[in-house]
Every structure is written in structure tokens, then in C-alpha cells.
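Chains as they are written, first to last, in the working numbering: chain A, 1 to 325; chain B, 1001 to 1320; chain C, 2001 to 2306.
Even glycine gets a Cβ: it sits at the ideal position worked out from N, Cα and C.
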Amino acid sequence: MIFLVLLRRLAEMVFVLFSISVLVFLIFFATPGADPAARIAGRGASPATLAAVRHAFGLDQPLPVQYGLMMKHLFITQDLTSFVNPGQLVIPAVLQAVPVTLSLVFGAAVIWLIFAVAIGVTAAALRGSVIDRSLMFLAMAGVSMPVFWLGEVANLITQARFHNTVLFSWVPALGYVPLTQNPLLWFKSLVIPWTVLAVTYIGLYSRVLRANLVEALTEDYIRTARAKGLSERQVIFRHALRMSLITLVSMFGLDFGALVGGGALLIEVVCALPGVGMLTYQALQNLDLPFIMATVMYGAIFIVAANTVVDMLYLLIDPRARGAR
Amino acid sequence: MLLDVQNLSISFRTPRGLLPVVEDVSFQLAESEILAIVGESGSGKSLTALSIMRLITDPNAIITGKILFKGEDILTLKEPAMRRLRGGAMAMIFQDPMTALTPVYTIGAQIVEQIRIHTKLPTWQARLRAESLLAAMGIADAQQISRRFPHQLSGGMRQRVMIAMALSCSPALLIADEPTTALDVTVQAQILELLLKLRKEFNSSILLITHDMGIVAQTADRVAVMYAGRIAESGATGDIFAHPMHPYTAGLLAAIPQLHGPRINAFSAIPGAPPAPHEKPAGCAFAPRCAYRIAVCAERPPLLHGPFRQVACFRAGEVA
Amino acid sequence: MLAFAILIVIIAACLAAPWYAQNISQSDPFASNLDGSITLAGQPVDIMQSADTGFGVTPIGPTWTQKYFLGADDQGRDVAARILFGGRNSLLIAAGATLICLTLAGLIGIVAGFSGGFVDSILARILDILWAFPVYLLAISLSAVLISRGLKLGPVTIDSDSLLIPIAIIGIVYVPYVARPIRGQVLSLARSDFVLAAVCLGVPRARILWKDILPNVITTLIVFAPLMMALNMLTEAALSFLSIGVQPPAASWGTIILDGEGLLYTRPAVAIAPGLAIMLTVVALNFLGDGVREAFDPRAKIRVQK
Ligand SMILES: Nc1ncnc2c1ncn2[C@@H]1O[C@H](COP(=O)(O)OP(=O)(O)OP(=O)(O)O)[C@@H](O)[C@H]1O
Ligand SMILES: [Mg+2]
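Okay, structure coming up:
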């Protein structure tokens, strides 16, 4: 039974991924006016050069064939190469960037979950008070900041303005140091990007959590919990929070997937982290289609996988979902 | 006297001013006695019950009066002491069993949680106790059931679970707020039977809230009839049923179907509707619907008087 | 209410941009001004000053006076005036995209939810797929392609630097976010007792749609509007920051932050000011969204009444 469900999910995932790859392919190869060959050959290339380029890159073949070839190179032979730097293999480049993005998103996620739960619970416990209102205002401000701008401001403060004060003299120059090479430096160089990335999500999650908690606290089962003689803290943590986490977990799964899948692009660019987002960004700048295809597919895989994991988690944390289906 | 409620009033601060919902309510409950509070929807029964457990969490609520439980005033008790009482010496069963249990924990775990707060029993013993309680509620296969989640049980089952939970620490006072309203008739009868049996076994006093006169007749030793936030009449069940002294009570009783007649709502048999809390008249709240109305009724509310049999009506002696 | 007032002020200020450029800053915010100078406290000051290090030039910093209130960017253009002009584009794009998004989402949601059956499953399926697509990547991919070449669709040609491109792209990518809840709402409305009763009474479907479903959907859309506009502002800024949104010489708050990136350590005001403008606007929109939701959500209303 479980096996069948899994199989169905897998089929769905493959279907979604297939649709996404077709969509991306169409965006880049079949948009009216789009001509990858002109891009590769450079501006003002002669028709003869264009034709030669087209032939060399297989762009003179019918679209479905081109699509098939690209997918074959991407997934089966895994030897897709860049259009812009001929010979550069795409897949190793992406694989090399994955740890950077994972480090970034993982650390940020830890920070944002801790802070969001702390803020959300505090605000809900003190609902209506001045503390509640100020926390929620700050959270709203956090949600409303452009991430890349916040990253720049953080850089300005920690790299330039206050870099020579005790507060930020420990911050290393922008860039990434692999964990395996120097764990301490890895940590130091990521603290600022983690914080910047976390701010938006702290704001978002603490607001959602507070709203859920406040709603949950009006439920009958909370009254029962109080009637049992539980303290307010036990009521909030054991009963209200446990119920609110159901929503939060699903949000978290999707956001984590989206960020690992390339959503952290802006921070990676601003903080000079050579992750998948940065790779996408560079590929977009010179329209290096194989790279774009690879990074988008990689991102889609993560997001679709995150969707599936969330559905599975649901079964774990919400007993009501187990009976259904 | 186990419970002695004196001049309890509850009102809410609202944008439109102070909203009096419960006014000047007094009643007593002796050991192993069953007192029923009857009244229409909105008459303040649940709020009265909740205030005894001190479970009114609305920060706009103002509660005055005295609630003496074993001689101690609950309203001035410190929160930790109050917590020890809640679920320990006094327990409550709520109106709607469908939503009263936390959906994500097994019912066994939820009963064990309460036992563990009030006793020093280790978890495994608490589990055994929970299972034996469930069995005492007439649940066959209690071990199995205690591993189920609330959504896997029927309403009647859930109410049994709620009762088992309420009784898990042998409370001296059990407050049952319309324990059968949400259930169908056959299940209703079973649950009531259960409550009567438990009174015998556990020797608990029960404050039974209902709007069903039939239930009152079957179970209660004494009755207090509430109307628009005040007690209209109270006394021994037999007395009240035989000789109602308040026109409202009389109206309610007259509307009860004889034996197996069609079930009708006793409240709707009296013409008119009770006033909303913000539009209560200055005098007797029942006066606009009352056939015995005289001039003084509109001027001031009648006071509850009498030693065992209490009535709040200026013409109490004349009601037949 | 305060949020609404702030929004009005921001919009009014941005509308007054040409007036500000002409009468207050007195310079063309779209023409570079590399060797101009202004008089400050009686002294002539170059707009592009030689840097302290001796290499290159640094634009003038904030003067906190009429001219170059927030300083100049690397082209010697008045940043304050540019922020007002940029705000017009940012607001226009966000508003336009919101309109497109809500219209499309409303249409799709109603068609899917009301027609049901085959049409519904197809549309729901498509929405699911788009849902799984990384929004930023979709927007970025579309922008990268369209910005580099423009769009030729039959007789319609859209230039690559037209504002229509970011408006359309941002408007489209968030459609699933709104269409899914709308579809759910329409589905539950279409199955609700009062609609079923109406169907049984022989009320024409078009009339049910018009009388019962449309008003509900529009309420939901109104609740979504400020929140979507806030989201769109942030997306526009991101795209423009990646130089695949608003194209120079036109400006938006996102492009001004990009202009300021190179001057970050010397003239931080260039990047900080437009960011603050975005933040203020988005905070105001979000609060407005909260207010609107409370005004329309019946549950919230009950809570207030109690
Ligand atoms: N937090 C609150 N703020 C304002 N008014 C309230 C609040 N809680 C309850 N009320 C009002 O108090 C009145 C009495 O409510 P209560 O729940 O005690 O009625 P009840 O007798 O239990 O009715 P039912 O039979 O429907 O359960 C109602 O009119 C209700 O609207
Ligand atoms: Mg009640």
C-alpha cells in the first residue's frame, strides 16, 4: 500500500519535472524572436557564421530533437557542456556549487527557525501587549526588506564602516571557505549571509506562527488542557505549538526546497558565495543555455522533492492525515 | 458545604460599555449532591461553570463575588494553587466532545498527562490507570482505544474519554457542561447513567448544566433555573417540578411533553425571547414575557429570597 | 489607516518627480553631469570629486540641501530626483503586475472551480506544475530572454526596454499563488447549499456566477491586492537589481540600488535610500493588507465584535 503511494508520488514527480524542463526549454529556445545562435556567435555575426554556429551546436535540428539531445546529455551521459566556454562540463560545476548553497541555506534555516519560534511564541503568549505589537512590527519590517539590499547594508557595516571595531573585526572578507578546509573560517564567513537570509524568514514565520498560536489558543482543546491543570507554558508548548507546527513544517519544507533550489541567488550574488544561485546568475548574464537548463532542473528537483517530503512529514506529524487516502 | 457560590457576577468590558452577563448568582452544592443548572442558550450557564474553574481567559472579563470551594475563595487563589485544583479536586466536562481533545495526541496520552500532573505515578502506572478508567466508562477494549487518536472515535466515545479524563484524579467536584447536548438520544441516556453510577462510586458532587428539563428530572437532587444571567428559582427537584413558584419555571414545566409525547423545545413554548445582555431591562428581565407582570416588575429586579426554596419574583406565591 | 496615508504620500511624492527635478534639484536626473559643480555655503563644489585615494572620482555625497539632497550617483545625477522618478516605475510595475495577476488568477480560478470536470483537472494540474516551479527562476529566465531581445508576437512588438516586460512577467509568475485559493473558494461556493438550491430552482448558471460567485471572488481578490502588490514590489526590485528588470536609462528603486552597489563603501546613501523607500512602501502595503483582511474576513469581524 505504502509502496503504491510512493510509486504514484514518484510518477507525479517525474511528470512535473518533465513539464518544467519542457517549459524552460521553450522559454529559451522557442520564444518568438529568440535565437540562441545569434547569442553564441555574438552581435553582428555574418549569416555564414550564424549557420555554422547553428550547425555546430545542433541548433538547426527540429526543437523536439534538440530537447531530446539536451536531456540526454544532461541526465543520461551527463556530459552537457557550456555554450559559452566550450568544453566546460556543466554537471561537475553544479555539483561543486551545491555544498556552498547547502551551507548557506542550512545555517540560515537553523537561525530562522530558532528565532521565529522564540518570537512567535513570545508574541502569542503576550498577545495584545506592547511587546507583542513591537515584535510583530519588527517582523513585518523584516518581511518587507529587499534581501539583496539588506545584504549590501550588512556588507557595508561589517566590511567597511564598522569593520575596524571590536564588533565586526572578526568578519572575514566576502567569499566562501569550504567546511572541510577550515571549519572556523567557514563558520565566520557565513555568519553574516546566514543572518541576512534568515531575517525575511524570521519575520514571515514568526508572524504566521503567532497568528496560528493565537487562533489555536481559542480552541476547545486548549480549554481542556487548561482544565487539566496544565500551566500556561505547558498549554502553549505541548498543545498549541504542537498544532501550529503542522503548518510551519509544511511551509518550511517548501521554503527550504526553494532556497536550496536556487532561491538564495540574490544573497549569493551580494555576498559573493559561489553557490548554485551564483552559477545561475552568471549563466543568465551570458545566456549560457545548458547551464541555465541544468541549474533550473536542479532547482526544480529540489523543490519537487521538498514537496514530496513535506507530504510524507504531514503523515508523521498530523495523525488526522493518516486515515485519509 | 463543598461549593458555596456567593453573589457571583461576571461582566465584560466592550466598546459599547460594560456588558453584564451573569448577575448576583448564589448557590450551594453539598458533598455527593447533584445540582442542575437549567436555562436557555445565552443565560450564562457556561460562564458560571467556567468561573468556578477559573477558566475565563478573556482579559476583558470582570468577575466579582465569592466562590468558596471547601471554604477557600477560589477567586483570590494564586495561580499555582489553582492549577493544583484544576483537574485534581475539581474537573470539568465540556459541551462539545468533538473539539475538546487535542487532535495530535492519543487519548491515552492525554489522560496520562493529567494523571501525571496531579500524582507522582510513573508513566506506566498512569497508563494502567487510564486504561482502567476507560474500561470503567464502559469502553470495551480500553487498551486498544487508548492508542487511538481523537478523530478515530465517535462523539459518544469521545465524551466517555472526556469523563474518564475528568475523573482520573477522583475530583470532589465534577462540572458537566451540557455533557449530552451534542450527542444523539440513545448515547445521551448512556452517558447520564454513567454519571449517576459514578456519583455512587466516586462520591463526587456534580454540577450538571443542561437545558433539558427531562435530564433534570432524571438526575438532579436540586435545580437552579437561570434566566438572562440571574437565578430565577432554585430548590429540590421534586418541589420545583411539583410546585413551580416562578412564572418562567412554570412556563417551562408546562411545556414539557407528557411522557412519550413529541419532543419539543420547552423554551420556545413561552412567547417572546430572552433579552440580549446589552438590552436587559432595569427591572425583572422576564417581565416583558410574563403573564403575571405588574408595575413594580419594570422598576427593579426582584431579589432571590427564601431558605431552601428560593424564588426571585414579586408574585411568587400567586403562581399556580 | 496610517499605512494608507503613508502610501498616499509616497505616491504623491513620486508623481511630483518632474516638478522636483525642475524646481528643487534643478538638474536632469537622466543626463550624466560629470563636470558640473554646485555652490555650497558660498563655495563651488565639484559634483565628481577626486577620490581621497587619488585614483578616480567619487560623486558628491548627500548635501542635505535643495540640490543633490542625497548626493549624486556615478554619473553625477541627482539621486533624490532619481528616487522619485524610479518610484514611479516601481509603483507602476507593481500595480500593473498586481492587476494582471489578480485578473488572470480570478479568471482561471473561476473557470476551473465553476466548470469543474475535465477543464478543472487540466487547469489544476497546470497550476500544480507552476507551483513547483521556482518562482524566482521562472521570472529570471523569462526576463533574461525577453530583456535581451524584446518580444515579437505577430503584429505586436514589445521593445526590450519596455516596462510592459517586467509588468507582464511579474504579473504572470505569481498567478498560481492566487489562483489556487480562488479555485478552492469557487469550488466550495459552487458546492454550497445556497448555490445548489439556486441550481435546483432553475436559476441560470450565468446569473449564479454573477450574483453569488463573482462578489465573493472579488472580495478575496481585494484582500489579496495589497499583499500581492507588496510582493511584486520586492520582485521588481530584485529583477531590476539583477539588471533584468527596468532597463537604463529608465530607473526604478531596484536599478538605483544596483547603481549604488559600486559606490557602497564611499557613498552608501545611493544604495541605502531606495532600499528604505522600498521597505517603507512594502511595510505600508502589508499593513494595509492586514487592515483590508480584517475588514473583509468575517471571522476577524466576529472577533472584533466580541
Ligand atoms: N468573552 C466574552 N465577551 C463578551 N460576551 C461573552 C463572552 N463570552 C460569553 N459572552 C456572552 O455571555 C452570554 C452567556 O454565555 P454562556 O456561554 O454562559 O451561555 P450558556 O448559558 O452556556 O448558553 P449555551 O446553552 O448556548 O451554552 C452570551 O450572551 C455570550 O454572548
Ligand atoms: Mg454553554
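Review point. Can residue 1166 of chain B be considered in contact with ligand 1, in the sense that its beta carbon sits closer than 8 angstroms to one or more heavy atoms?
Key: no
**Study point:** Distance cut-off 8 angstroms: residue 1012 of chain B Cβ against heavy atoms of ligand 1
**Key:** yes
**Study point:** Pick from A:12, A:321, A:315 and A:216 that is closest to residue 2129 of chain C, judged by C-alpha positions
**Key:** A:12
Review point. Can you list, in chain order, the residues of the segment 244 to 273 of chain A whose Cβ is nearer than 7 angstroms to any Cβ on chain C?
Key: 258, 261, 262, 263, 265 and 266
Exercise for review: Please name the residue in C:2005, C:2097, C:2021 and C:2133 whose C-alpha comes closest to that of residue 2082 of chain C.
Suggested key: C:2021
Exercise for review: List the endpoints of the continuous beta strand (DSSP E) containing residue 1065 of chain B.
Suggested key: 1061 to 1069
**Study point:** Stretch-stretch touch, CB-based, cutoff 8 angstroms, three pairs: the segment 1029 to 1039 of chain B with the segment 1294 to 1301 of chain B
**Key:** no
Check your understanding: In or out: residue 37 of chain A buried (at least 16 other Cβ within 10 Å) or exposed?
Key -> buried
Check your understanding: Between which two residues does the beta strand (DSSP E) containing residue 1007 of chain B stretch?
Key -> 1003 to 1014
**Study point:** Interface flag, residue 2001 of chain C vs chain A, CB-CB below 9 angstroms
**Key:** no
Practice item. Please compile the residues from chain C whose C-beta is within a distance smaller than 9 angstroms of the C-beta of residue 28 of chain A. Key: 2141, 2144 and 2145
Review point. Mind checking if residue 303 of chain A is an interface residue toward chain C, Cβ cutoff 9 angstroms exclusive?
Key: yes
Exercise for review: Could you tell me which of C:2136, C:2177, C:2182 and C:2226 sits nearest to residue 2240 of chain C, measuring between CA atoms?
Suggested key: C:2136
Review point. Is there contact here, the segment 1081 to 1089 of chain B with the segment 193 to 201 of chain A, by at least three beta-carbon pairs under 8 angstroms?
Key: no
Check your understanding: Quick one: does the C-beta of residue 132 of chain A sit closer than 8 angstroms to a heavy atom of ligand 2?
Key -> no
**Study point:** C-alpha distance - residue 1261 of chain B paired with residue 1276 of chain B, whole-angstrom precision
**Key:** A caution first: residue 1261 of chain B carries a pLDDT of 47, below 50, which makes its placement in the model unreliable, though a value can still be read off. Going from the Cα of residue 1261 of chain B to the Cα of residue 1276 of chain B covers about 31 angstroms.
Point to revise | the segment 1095 to 1109 of chain B: positions lying closer than 7 angstroms to chain A by Cβ | key: 1096, 1099, 1100, 1101, 1102, 1103 and 1104
Practice item. Return the chain-ordered list of same chain residues with a C-beta closer than 6 angstroms to the C-beta of residue 1092 of chain B, the five sequence neighbours on each side being excluded. Key: 1053 and 1175
Exercise for review: Sort A:18, A:142, A:91 and A:115 by Cα distance to residue 2286 of chain C and report the nearest one.
Suggested key: A:142
**Study point:** Continuous alpha helix (DSSP H) assignments of at least 4 residues falling wholly in the segment 2232 to 2283 of chain C
**Key:** 2253 to 2261
Exercise for review: Check each residue of the segment 2247 to 2278 of chain C: if its Cβ is closer than 7 angstroms to any Cβ of chain A, include it; give the result in chain order.
Suggested key: 2257, 2261, 2264, 2265, 2268, 2271, 2272, 2275 and 2278
Point to revise | residue 1211 of chain B classed as buried or exposed, judged by whether at least 16 other C-beta atoms fall within 10 angstroms | key: buried
Exercise for review: Find the residues of chain B that neighbour residue 231 of chain A, judging by a C-beta separation of less than 7 angstroms, and give them in chain order.
Suggested key: 1083
Practice item. Tell whether a beta-carbon distance below 9 angstroms holds between residue 224 of chain A and residue 1100 of chain B. Key: Going by C-beta atoms, residue 224 of chain A is nearer than 9 angstroms to residue 1100 of chain B.
Practice item. Please confirm if residue 202 of chain A has its CB atom under 9 angstroms from at least one CB of chain C. Key: no
Check your understanding: Are the segment 1170 to 1190 of chain B and the segment 1054 to 1067 of chain B touching by the rule of at least three beta carbon pairs closer than 8 angstroms?
Key -> no
Check your understanding: Could one say the Cβ of residue 281 of chain A lies closer than 9 angstroms to chain C's Cβ atoms, at least one of them?
Key -> yes
Practice item. With hydrogens ignored, establish whether the beta-carbon of residue 2120 of chain C is closer than 8 angstroms to any heavy atom of ligand 2. Key: no
Practice item. Within the segment 1146 to 1179 of chain B, note down every full beta strand (DSSP E) run reaching 3 residues or more, in order along the chain. Key: 1173 to 1177
Check your understanding: Using a Cβ-Cβ cut-off of 6 angstroms (strictly less than) and excluding sequence neighbours within five positions of residue 177 of chain A, which residues of its own chain qualify?
Key -> 185, 186 and 189
Check your understanding: Is it buried or exposed for residue 159 of chain A, if we count other Cβ within 10 angstroms and need 16 for buried?
Key -> buried
Exercise for review: Report buried or exposed for residue 2110 of chain C, applying the criterion of at least 16 other Cβ atoms within 10 angstroms of its Cβ.
Suggested key: buried
Point to revise | N- and C-terminal bounds of the beta strand (DSSP E) containing residue 1226 of chain B | key: For residue 1226 of chain B, the uninterrupted beta strand (DSSP E) segment begins and ends at 1222 to 1227.
Exercise for review: Please confirm whether any heavy atom of ligand 1 lies closer than 8 angstroms to the CB of residue 1025 of chain B.
Suggested key: Result no, Cβ not under 8 angstroms from ligand 1.
Check your understanding: What are the complete alpha helix (DSSP H) segments, minimum 4 residues, inside the segment 2096 to 2140 of chain C?
Key -> 2117 to 2132
Check your understanding: Shorter than 9 angstroms from the beta carbon of residue 318 of chain A to some beta carbon of chain B?
Key -> It does; some Cβ of chain B falls within 9 angstroms.
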